[in-house]
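Q: First residue of the sequence shown? That's 6 in my numbering, and the numbers climb one at a time after it. Here it is, the structure in full.
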Amino acid sequence: MDDVIIIGGSFAGLAAALQLGRARRKVTVLDTGLPRNRFGHHSHGVLGHDHKPPQDILAAARQQLARYPAIKLVNARADSISGVIDDFSVLTGAGETLKARRIILSYGVADQIPHVPGFAESWGTSIVPCPYCDGFEVADQHWGVVWFGPQSHQSVRLFRDWTDKLTVFADGHDIAPDIQADLAHRNIPVVDGRIVEIAHHKGHISTVNLDTHRHIAVDILFAQPRNKPSASLHESLGLATVETPVGIALKVDERRQTSMPGIYAAGDLATPFLPSVTQSSWQGAMAGIFAQHSMLA
Numbered sequence: 006m007d008d009v010i011i012i013g014g015s016f017a018g019l020a021a022a023l024q025l026g027r028a029r030r031k032v033t034v035l036d037t038g039l040p041r042n043r044f045g046h047h048s049h050g051v052l053g054h055d056h057k058p059p060q061d062i063l064a065a066a067r068q069q070l071a072r073y074p075a076i077k078l079v080n081a082r083a084d085s086i087s088g089v090i091d092d093f094s095v096l097t098g099a100g101e102t103l104k105a106r107r108i109i110l111s112y113g114v115a116d117q118i119p120h121v122p123g124f125a126e127s128w129g130t131s132i133v134p135c136p137y138c139d140g141f142e143v144a145d146q147h148w149g150v151v152w153f154g155p156q157s158h159q160s161v162r163l164f165r166d167w168t169d170k171l172t173v174f175a176d177g178h179d180i181a182p183d184i185q186a187d188l189a190h191r192n193i194p195v196v197d198g199r200i201v202e203i204a205h206h207k208g209h210i211s212t213v214n215l216d217t218h219r220h221i222a223v224d225i226l227f228a229q230p231r232n233k234p235s236a237s238l239h240e241s242l243g244l245a246t247v248e249t250p251v252g253i254a255l256k257v258d259e260r261r262q263t264s265m266p267g268i269y270a271a272g273d274l275a276t277p278f279l280p281s282v283t284q285s286s287w288q289g290a291m292a293g294i295f296a297q298h299s300m301l302a
C-alpha cells in the first residue's frame with residue numbers, strides 16, 4: 006500500500022510528490038500528460054524559471070524526482086476512487102487497483118474553448134487569459150478584452166498598467182450603464198455584437214470579427230472562457246465545491262483537505278481565484294506536507 010496516491014502530475018502534483026518523497030513516504034503519481042498550460046509557449050512569473058516553456062519545467066521536475074526511491078510516476082488515468090481514510094482504492098484506466106492511506110487530487114481544469122472559428126488555433130499564442138503570464142511581452146500594444154461578467158471591469162482597470170490601448174468586446178453581455186460610463190471616462194471603447202470569428206495567421210490574431218459585420222484589429226485578445234475539472238472523481242466522491250466566476254473549485258480547508266477526510270486537493274482544481282504555476286506549486290507542497298502530518302502515529 007502507498008502512503009499517498011496523487012492524481013494529476015503537473016505542477017501541484019509533482020510539488021506534493023517532492024515533499025512526500027523527501028519525507029520518505031511511498032507515493033504514486035498518476036498522470037495522463039495533458040497539463041492545462043500545454044498551449045502556452047512560456048511560463049512567466051515563475052521564480053527561477055521565468056520565460057521557460059512549461060513542458061521543460063515539468064520535464065526537469067520529473068528528472069529531479071527520480072532521485073527519490075519512494076516516488077513512482079505512472080502514465081495512467083484514474084477511473085474511480087473508493088474507500089475511506091487509511092484504506093483508499095484507486096482503479097486505473099488499465100484495470101489496476103492501487104491502495105493508499107491518503108489521496109491528493111491535482112488533476113486540474115480544462116478550459117472550455119468557445120466554438121468560434123480561429124479561437125482554438127489562437128489560444129495560448131494571441132488569445133490568453135492572464136496578464137501576469139503574458140502581459141509584459143505585449144505591453145503598449147493594442148489589447149482586446151472579451152467581457153465575461155462584472156469581474157471584467159476590474160480586469161480592464163488592471164490592464165491599464167500594461168497598455169493604454171484597450172478595446173472591450175461586449176460579446177452579447179449587457180454592461181451596466183455606470184460601468185460603461187466609467188470605461189468611456191477612461192477612453193476605453195466598448196464594441197457591441199457577438200464574436201463570430203478570430204481572423205489570424207498561424208495563431209497570431211489580426212481581427213476580431215463580429216456578427217455586426219465589423220472587423221476590429223487588435224494585437225492580443227484577453228479572454229476568460231469557462232472551465233471544468235479535468236476529471237469527475239470529485240463528483241463520484243461527493244466532494245464540496247465552491248463557485249468561481251468561470252466554473253467551480255474544490256472546497257478545501259487550511260490544510261488543503263477536502264470535505265472527505267483523507268482526500269486533499271491542490272492546483273487549479275482547488276483554486277477559486279488567480280490560478281498560476283506558483284500558486285499550484287505552493288498548494289501542492291502544502292497538500293503533501295499536511296497529508297504526511299495526518300499519518301503520524
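Ideal Cβ placement from N, Cα and C applies to all residues, glycine included.
So, P230 versus A254, is the Cβ gap smaller than 7 angstroms?
A: The count along the sequence shown starts at 1 and reaches residue 230 at position 225. The count along the sequence shown starts at 1 and reaches residue 254 at position 249. Cβ atoms of P230 and A254: not closer than 7 angstroms.
Q: I need the DSSP call for L78, collapsed to helix, strand or coil.
A: Residue 78 sits at position 73 when you count from the first residue of the sequence shown. Strand at L78.
Q: Can you give, in chain order, each stretch of the beta strand (DSSP E) that sits fully within the region 113-179 and has at least 3 residues?
A: The region 113-179 contains these whole beta strand (DSSP E) runs: 114-116, 148-151 and 171-174.
Q: Put D91 into one of helix, strand or coil per three-state DSSP.
A: Within the sequence shown, the letter at position 86 stands for residue 91. Three-state DSSP puts D91 in coil, outside helix and strand.
Q: Contact criterion: CB-CB distance below 7 angstroms. Does S241 meet it with respect to chain D?
A: Among the chains of the structure shown, chain D does not appear; only one protein chain is present.
Q: Please classify S15: is it buried, with 16 or more other beta-carbons within 10 angstroms of its beta-carbon, or exposed?
A: Along the sequence shown, one-based indexing puts residue 15 at 10. So S15 ends up on the buried side.
Q: For R30 versus Q288, is the C-beta spacing smaller than 7 angstroms?
A: On the sequence shown, position 25 is the one that residue 30 refers to. On the sequence shown, position 283 is the one that residue 288 refers to. Not a contact, by the Cβ cut-off of 7 angstroms.
Q: What's the gap between the Cα of Q69 and the Cα of A21?
A: Along the sequence shown, read from residue 1 onward, the residue named residue 69 stands at position 64. Along the sequence shown, read from residue 1 onward, the residue named residue 21 stands at position 16. Rounded to whole angstroms, Q69 to A21 spans 13 angstroms at the Cα level.
Q: With distances taken Cα to Cα, identify the nearest neighbour of V34 among S286, L19 and I118.
A: For the purposes of this step, residue 34 is identified with residue 29 of the sequence shown, where counting begins at 1. V34 has its Cα closest to that of L19, out of S286, L19 and I118.
Q: Within 10 angstroms of its Cβ, does N214 collect 16 or more other Cβ (buried), or is it exposed?
A: Sequence index remark: in the sequence shown, residue 214 carries index 209 (1-based). With 16 or more Cβ atoms within 10 Å of its Cβ, N214 is classed as buried.
Q: Quick check on DSSP: helix, strand or coil for P234?
A: Translated into the one-based positions of the sequence shown, residue 234 becomes position 229. In this structure, P234 counts as strand in the three-state DSSP scheme.
Q: So the candidates are R191, D183, G154 and Q156; which of them puts its Cα closest to the Cα of T172?
A: Position 167 of the sequence shown, counting from 1, holds the residue named residue 172. Looking at the Cα atoms, R191 is the closest of the given residues.
Q: Is the distance from the Cβ of H47 to the Cβ of H56 below 7 angstroms?
A: Locating residue 47 in the sequence shown gives position 42, counting from the first residue. Locating residue 56 in the sequence shown gives position 51, counting from the first residue. A contact, by the Cβ cut-off of 7 angstroms.
Q: Who are the Cβ neighbours of S285 in its own chain at under 6 angstroms, not counting the five residues just before and after it?
A: Sequence index remark: in the sequence shown, residue 285 carries index 280 (1-based). For S285, where only same-chain residues beyond five positions count, the Cβ hits under 6 angstroms are F16, A17 and G272.
Q: In terms of residues, what are the limits of the alpha helix (DSSP H) holding L70?
A: Position 65 of the sequence shown, counted from the first residue, corresponds to residue 70. Run containing L70: P59 to L70, per the alpha helix (DSSP H) assignment.
Q: So, at 6 angstroms on beta carbons, what are the nonlocal neighbours of T249 in its own chain, with the 5 sequence-adjacent residues on each side left out?
A: Sequence index remark: in the sequence shown, residue 249 carries index 244 (1-based). Within the same chain, T249 has close Cβ partners P277.
Q: Which class does D7 belong to by DSSP, given the choice of helix, strand or coil?
A: Looking up residue 7 in the sequence shown gives position 2. It is a strand residue.
Q: Helix, strand or coil: how does DSSP classify Q229 here?
A: Residue 229 sits at position 224 when you count from the first residue of the sequence shown. Three-state result, Q229: coil.
Q: For G98, count the other beta carbons within 10 Å of its own beta carbon; 16 or more makes it buried, fewer makes it exposed. Which is it?
A: For the purposes of this step, residue 98 is taken as residue 93 along the sequence shown, with counting starting at 1. When all chains shown are included, G98 counts as exposed.
Q: On the three-state DSSP scale, how would you describe N42?
A: As a position in the sequence shown, residue 42 is number 37, starting the count at 1. Reduced to three states, the DSSP call for N42 is helix.
Q: Hey, could you find the ends of the beta strand (DSSP E) D36 is sitting in?
A: Taking the sequence shown and counting its residues from 1, the one referred to as residue 36 is at position 31. From DSSP, the beta strand (DSSP E) with D36 extends over V32 to D36.
Q: How big is the Cα-Cα spacing for K77 and A71?
A: Locating residue 77 in the sequence shown gives position 72, where the first residue counts as 1. Locating residue 71 in the sequence shown gives position 66, where the first residue counts as 1. Their Cα atoms are separated by approximately 8 angstroms.
Q: Need the endpoints of the beta strand (DSSP E) that L110 sits in, please.
A: Numbered from its first residue, the sequence shown carries residue 110 at position 105. Counting along the chain, the beta strand (DSSP E) containing L110 begins and ends at T102 to L110.
Q: Does the beta-carbon distance from M265 to L244 come in below 7 angstroms?
A: The sequence position of residue 265 within the sequence shown is 260, counting from 1. The sequence position of residue 244 within the sequence shown is 239, counting from 1. Contact flag set, yes.
Q: In or out: D258 buried (at least 16 other Cβ within 10 Å) or exposed?
A: Counting from one through the sequence shown, the residue named residue 258 turns up at place 253. The residue in question, D258, is exposed, as its Cβ has fewer than 16 Cβ neighbours within 10 Å.
Q: By Cβ distance below 6 angstroms, which residues in the same chain neighbour K104 in space, the five residues on each side in sequence not counted?
A: If you number the sequence shown from 1, residue 104 lands on position 99. For K104, where only same-chain residues beyond five positions count, the Cβ hits under 6 angstroms are M6 and S94.
Q: Pop quiz: G149 and F174 are said to be a contact at Cβ under 8 angstroms. What is the actual Cβ separation, rounded to whole angstroms?
A: Taking the first residue of the sequence shown as position 1, residue 149 is located at position 144. Taking the first residue of the sequence shown as position 1, residue 174 is located at position 169. Contact flag correct, Cβ pair sits at about 6 angstroms.
Q: Please state whether DSSP places S299 in a helix, a strand or coil.
A: Your numbering for residue 299 matches position 294 in the sequence shown. Helix at S299.
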